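Count along the sequence shown from 1, then add 144; that gives the number in our numbering.
Taking it in order: structure first as structure tokens, then the write-up.
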Amino acid sequence: MPIHLVIEAGRTERQYWRDLWRYRELFYFLAWRDFLVRYKQTAVGVAWALIRPVLTVLILTMACKVGGTLDTLHHDGPPVPLELLSAMLPWLFFSTAMSESGSSLVNNANLVSKIYFPRVVVPASSVIISFVDLLISGSLLAVLMACYRYQPPLQVLWVPFFVLLVFGAALGSGLWIAALMVKYRDFRFIVPFIITFGLYAAPVMFRSSRFPALWEHWGIQWPVRLLYSMNPVVGIIDGFRWCILGGQYDLIYLPALVASIIGTILLVTTGLWYFRKTERTFADIL
């Protein structure tokens, strides 16, 4: 069925969001195409969504065992692989979605520069594909809990809430990077550095409750955990651990949760604002 575009003065924003629904089939097509391209001509296909977290957790587990003097994880809690995987899954989703959506406009330059459609569809479809990987990887967490005979607590019902938070944080970050990368190709080099640094800065190999102890040797008396929790990813990862492992090992830190909610809302709103502000120049620059 053909789509008829009617341009009315003063109603650009309303028409734009209506066009998102009208072009929903393009959204499905881009998401499905990206999914096929990601695993095209691979020997194991979608199994890479499981292999990546497995290998990462194995390496980090060995690092925690060998570097036990760093006091990264307690030994009186749940199994180390389970604790690492519950934090690694949201981080892998966030980092992958941010990277893929950030470069999506540049990778689809021919499409963006030739036809009209709401450009926000392109980075959003990349986040959706990363979300599918998260769902596939989540099955690995269920298998690992079964192997350790670990029964999830009642607060596991809050997992969808934290999934929504990390989805919003990834989408907002991806919108910012996608719009900036069109004009500044330096972000091709900046984003991998941010992801690498973020893995060690995020509470993946340690609990955020242990973060102040890492500064005791320096004699720093600042409220370091409060400052550290201003990073929205911290509260999200803490929330996943709290949902999967239970609060008997580490209670959720309320300031971190509030910072994650506010930070996610700001990322999405400002990301959409800047993306829409610069969207009209994408075709010319690309």
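Beta carbons: idealized from backbone N, C-alpha and C, even for Gly.
Source: prediction; values computed, not measured.
Reference residue i, options the options, closest by Cα
i	options	result
residue 238	257, 199 and 278	278
residue 228	248, 197 and 242	197
residue 353	398, 160 and 159	398
residue 380	308, 426, 349 and 320	308
residue 375	386, 349 and 342	342
residue 169	285, 377, 265 and 350	265
residue 199	302, 426, 284 and 406	284
residue 461	225, 184 and 275	Residue 461 lies beyond the range of the chain shown here (145 to 430); nothing can be said about it.
residue 236	195, 162 and 261	195
residue 303	258, 231 and 256	231
residue 297	173, 160 and 222	222
residue 388	305, 319 and 299	299
residue 416	281, 405 and 320	320
residue 414	256, 317, 305 and 180	317
residue 315	333, 192 and 275	275
residue 282	383, 193, 421 and 422	193
residue 260	418, 396, 166 and 405	166
residue 426	201, 254, 405 and 305	254
Exposure label - residue i; buried when at least 16 CB within 10 Å
i	result
residue 337	exposed
residue 206	exposed
residue 291	exposed
residue 385	buried
residue 330	exposed
residue 403	buried
residue 213	Residue placement at residue 213 is poorly supported in this model, since its pLDDT is 39, which falls under 50; the coordinates still yield a value, given next. Exposed is the call here.
residue 428	exposed
residue 348	buried
residue 431	In the structure displayed, the chain extends from 145 to 430; residue 431 sits before or after that span and is not available.
residue 301	exposed
residue 287	exposed
residue 256	buried
residue 305	exposed
residue 201	buried
residue 365	For residue 365, the predicted model reports a pLDDT of 49, less than 50, meaning its position is unreliable and no value from the coordinates is stated.
residue 171	buried
DSSP-derived helix/strand/coil call for residue i
i	result
residue 223	coil
residue 234	helix
residue 251	helix
residue 420	helix
residue 295	coil
residue 405	helix
residue 327	helix
residue 322	helix
residue 399	helix
residue 349	coil
residue 426	helix
residue 162	helix
residue 390	coil
residue 182	helix
residue 378	helix
residue 261	coil
residue 367	coil
residue 372	helix
residue 167	coil
Residues of its chain near residue i, where Cβ-Cβ distance is below 7 Å and the 5 sequence neighbours each way are ignored
i	result
residue 175	269, 272 and 273
residue 252	266
residue 310	234, 237, 238 and 380
residue 178	269, 270 and 273
residue 190	183 and 280
residue 289	226 and 296
residue 294	222 and 226
residue 160	262
Beta-carbon contacts of residue i that lie in its chain and below 8 Å, excluding the five residues immediately before and after
i	result
residue 339	239, 242 and 243
residue 312	408, 409, 411 and 412
residue 424	none
residue 346	231, 235, 375, 377, 378 and 381
CB contact check: residue i to chain D, cutoff 7 Å
i	result
residue 339	In the structure shown, chain D cannot be found, because there is only a single protein chain.
Own chain, CB closer than 6 Å to residue i, minus 5 neighbours either side, in chain order
i	result
residue 163	262
residue 422	323
residue 420	none
TODO: Say whether the stretch 232-251 touches the stretch 318-338, bearing in mind that this needs 3 or more beta-carbon pairs closer than 8 Å, one atom from each stretch.
DONE: yes
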